[in-house]
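Per this note's numbering, the very first residue in the sequence shown carries number 310; after that it's consecutive.
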Amino acid sequence: MEAKTSLLDNMIGVGDMVLLEPLSEDSFLENLRKRFDHNEIYTYIGSVVISMNPYRSLPIYSPEKVEEYRNRNFYELSPHIYALADEAYRSLRDQDKDQCILITGESGAGKTEASKLVMSYVAAVCGKGQEVNKVKEQLLQSNPVLEAFGNAKTVRNDNSSRFGKYMDIEFDFKGDPLGGVISNYLLEKSRVVKQPRGERNFHIFYQLLSGASDDTLEKLKLDRDFSKYNYLSLDSAVVNGLDDATSFRTVKNAMQIVGFMENEVQSVLELVAAVLKLGNIEFKPESRCNGTDESRVKDKNDLKEMCELLGIEQAVLERAFSYRTVEAKLEKVSTTLNVAQAYYARDALAKNLYSRLFSWLVTRINESIKAQTKTRHKVMGVLDIYGFEIFEDNSFEQFIINYCNEKLQQIFIELTLREEQEEYVREGIEWTNIEYFNNAIICDLIENNQNGIMAMLDEECLRPGTVTDETFLDKLNTVCAEHQHFESRLSKNSKFLNDHSLPHSCFRIQHYAGKVLYCVEGFVDKNNDLLYRDLSQAMYKANHSLIKQLFPEGNPAKVNLKRPPTAGSQFKASVGTLMRNLQTKNPNYIRCIKPNDKKAPHIFTESLVCHQVRYLGLMENVRVRRAGYAFRQAYEPCLERYKMLCKRTWPHWRGPARAGVEVLMTDLQVPSDEFSYGRSKIFIRNPRTLFSLEERRRQCLQDLATLIQKIYRGWKCRTHFLLLKKSQIVVAAWYRRYAQQKKYQRIKSATTVVQSYTRGWQARKLLRELKHHKRCEEAVTTIAAYWHGTQVRREYRKFFRANAGKKIYNFTIQRIMQKYFLGLKKTLPSMSPVDKNWPARPYHFLDTAHTELSTIFHLWRCKKYRSQFTKEKKAVYEEKLEASELFKDKKSLYPSSVSQPFKGDYLEISKNPKYQKLNSCVEEKVLLADVVNKINRANGKGATRILLLTKKNVVLADQKTGQVKASVALPDLTSVSVSTQNDGFFALKLKEGSASAVKGDFLLSSEHLIETITKLHHIGSTASDDGEQLNIDISDEFLVQFKQDKVCVKFIQGAQKNGSSVSCKRKNNRLLEVSVPASA
């Protein structure tokens, strides 16, 4: 099957620049313009992808597009970044080749978005699973964190990466991601203290002030107003399309997903706030007595707040801003700093603090996303690094950025040529040497260890004596004057003194992408990147958890008098490591181009694009690719695509694919010098040959389409005719059937009418005969009945005259009683003893019988109901009955106790281990165990006691200890007194002179009063020696004996206060008043 779409199908312009004919810079740009105008932003140069930034969202990154490019050949579909990502991923997974994807281009060209698209595609097509998804999410969420701290708004790009990033994504043998490692290069830390006009500082400063909560800003001692901070530019503080508050929440969420702890996030924000505070510190000059100038902090409030954030003593940091200590072996020299030097020290500290924080963030992210297993991993590297930069004012940053691009161009040419050569050797094609510009001479000019520009700069920085940018330029003029790619006013390549385009303080390097003029001003300072040791030591003394990690050189115990490595040498070493890393991997290139400087869609600025095409070396890339063979394709897809051009291969070729291609090329009479046969591919030298094949294929497809249309139309017309013929036969058959059915229905209807009339006549005749016969029979029967009646009456007339009335009355009464009893049987009420329903009597003479039957039935069902009781249940009901006899209509508390079952042992004293000791003290079975309040005889206050009732004794015990406080034998109990009201008070009155009555009677309060008194009454009658019942006295006033005194207990109704509790107070020696709240 031929693919639905291809690189060569429905092309807008040319999808692969290698096939561009004729090849020139103008045709190259025109092809890019044509494709850009039709939203085709991707174009190939062989296996290199050119990406144009559309400055708008395009519907070409959907999940459907991901599936479309998944596991497809690189040239099988139209150019797309997904095709390159899929090719790299499949080579890594299936062929075990480590890959790297190099993304280059100038600021605003879309490098960061391209790297995100590559990572999102790889995340979408690799395996699934909880752990795999977690790794993928962490890798993807590292981007928002690094963008917040490393990106900024520039005049060219609202989200410009101000650092280079290289990420190694590690995979297992199945192709599932295990983790990753991020390397960062050359953060533009000078942006922290100063931004060009129309640009912003790093995003995180604005995100923090816009998106943090008021509490967070208060803790960080910050204000939302951007204008209060010297390090933040105000002319571009707000950017259209960027929501800093939302971005801040996104960054915090991403940090949590990556694995940052809450205290780590807080520490990072404190350092960001400290940088803002640092920019607000200002200095004023002061003259010392010896005539030297020194600086002092103007307003110490910002200094104080910064020191509080970082946990530094204010005096230590203030001194570090005013003095500098220089150590040389055993000697220390302290000098004062003037205002300019103090500002330099402040800015140096701010830059170092932020750049070290950024490096710590990268290290911390690496700890979270690194692979946990120690087995060998497959690696895919993604390099997102700044492109070649040519500005009006080019300084040290542009110099080392362009050096990095020179190295990348060198490795690009080497790897591209090597890949071409390896493919030719692999396919058995004769290799022809390709001439190209080798920029190794430029790299040597910059990085040579003896007389390279970076070596000269390092040597000048380390040289004792007066070192300035001018002395550095003089050294360059001396060492590099004769180099063909170096120009200055004193070199031999600058047209001597006639070249007035070269200022005195500048030099020019002819890079592979064009000439760049560098101003040496600031080269020495930026390369030195000095931070005074006093400031490092002050930072190390901080109590902040993160600061000591960022400034290890400030440790007094590890003082190193050696100068730290310069910024240039560090970057050179990093680039060298990167180049060695890239050379071990299979490269894949994405060249990003910015179509205009206005960041607007649909605008193609030809001069700007031409400039980028030149410095990216795209034309040279095409020439290198076309120096051998412009197009190559495997035999199978080639034969499948062009087999219709030859009758011997169309429609099916039965032999090997190569043999079919050879037959095809011979039949088409393609010159033999225009192509070569490899082991698995055919190589076509000139694009014109390929386009000729495509034109023939297009014409052949049109002819085939015409033939197919002709055959299809004939088939369609014949099919239509046969369908009409078949339909006519079916319609005729159905009509004939319908006509016969209608005729049959008419005949059937007529026959039915005739039959109905005939049957009706016969039925009426039979009916008349039957009616006559029936009338005759009825007449005979009536005559016989009258005759028999006459005979019987005549014979029995003498018997009926005397007893007929009485017999008829008795018979009637008998029938009425029978009917009454049968009706009563059907309407009997339920078997419930409380059901008072009874059927109404039908006659007045049955009143007595009806009442007696109702009484008999009720007694009978009560007997049936009682027969169901167990012994225990019967005892409970007997107690309830006894309670009713004692308290019904006498005590207000009684109605609420009717529905409550008498439980007896409320404390489960035999089961509860807490009362084991108390249980052992009681010999008889406990009939009631409850908690009561014993009323104090002196003040009327209650004390909690346990009341135990057995068959012989009433026992009172302490609730906490279980110790028996009092034991009263039931025979010693004379009576029990209670009130008529809704309270639980009762008095146990004892016999005078008994052993239990030494302290007098007991006044108690219980929540189960009715049950307690009922059981006492029942057991007291049994335990009495003379069989007398225990007297229950129900009155609102009664006397109790307290030792020698008789006290009157009086119950009164009081207002309801503090709930519904009963209160008891001792009014005097003779009166105890109990206040009972009035019941609702």
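From the three backbone atoms N, C-alpha and C, an ideal C-beta is built for every residue, glycine too.
Please read all numbers here as calculations on a predicted model, not as lab measurements.
Spatially closest choice to residue i from the options, by CA coordinates
i     : options                      : result
A847  : E377, M615 and F1360         : M615
K891  : H1153, L1137, Q793 and S492  : Inspection of the sequence shows that residue 891 is occupied by Leu rather than by Lys. Per the Cα distances, S492.
Y938  : Y733, I709 and S797          : Y733
A790  : G761, C770 and G436          : G761
I1343 : K1359, T352, A629 and K1352  : K1359
P910  : T352, F345 and Q1064         : F345
R967  : L1162, R988 and Q978         : R988
G737  : D1198, N1291, K990 and Q819  : K990
K907  : T463, N442 and G436          : T463
K1128 : I1117, E701, P1138 and Y1152 : Y1152
L1282 : L1299, A1275 and A563        : L1299
E1346 : S1305, G1363, V577 and A1296 : A1296
V1385 : Q1290, T975 and H1081        : Q1290
Beta-ladder partner(s) of residue i, from DSSP
i     : result
D325  : Y353
A1238 : D1214 and L1257
T645  : Y632
H1082 : Beta-bridge pairing links H1082 to no other residue.
E595  : E603
M476  : I491 and V691
Q978  : None, per the DSSP bridge assignment.
R817  : E796 and L826
R900  : I359 and T413
Beta-carbon spacing of residue i, residue j below 8 Å
i     : j     : result
V502  : Y538  : no
L1318 : L1202 : yes
I1244 : L1325 : no
F1211 : E1316 : no
I350  : P363  : yes
V918  : P904  : yes
M476  : V691  : yes
Q447  : I566  : yes
F511  : N460  : yes
K420  : C901  : yes
V375  : A433  : yes
Y663  : V584  : yes
V1371 : I1322 : no
K445  : P486  : yes
K687  : F480  : yes
DSSP-derived helix/strand/coil call for residue i
i     : result
M320  : coil
L785  : helix
A394  : helix
T1283 : strand
F805  : With a pLDDT of 45 at F805, under the threshold of 50, the modelled position of that residue is not reliable, and the figure given next carries that caveat. Reduced to three states, the DSSP call for F805 is helix.
C435  : coil
L487  : strand
H347  : coil
G520  : helix
Y712  : helix
A847  : helix
T413  : strand
R1375 : strand
P965  : coil
N1262 : strand
V548  : coil
Heavy atom of the ligand ADP within 7 Å of residue i beta-carbon
i    : result
T644 : As presented, the structure is devoid of all ligands, the ligand ADP included, so that no description of it is given.
Checklist entry - Between the stretch 1227-1243 and the stretch 1254-1272, do three or more beta carbon pairs fall short of 8 Å? => result yes
Checklist entry - Does the stretch 748-762 come close enough to the stretch 1000-1015 to have 3 or more Cβ pairs within less than 8 Å? => result no
Checklist entry - Below 8 Å, can you find three or more Cβ-Cβ pairs linking the stretch 646-666 to the stretch 558-571? => result no
Checklist entry - Per the contact definition of three or more C-beta pairs closer than 8 Å, is the stretch 714-727 in contact with the stretch 942-955? => result no
Checklist entry - Is the stretch 621-633 touching the stretch 542-555 in the sense that three or more CB pairs, one from each, lie closer than 8 Å? => result no
Checklist entry - Taking one C-beta from the stretch 831-839 and one from the stretch 695-708 each time, how about it: are there three or more such pairs within less than 8 Å? => result yes
Next on the checklist: Counting beta carbon pairs with one atom in the stretch 856-867 and one in the stretch 693-701, are three or more of them shorter than 8 Å?
Outcome noted: no
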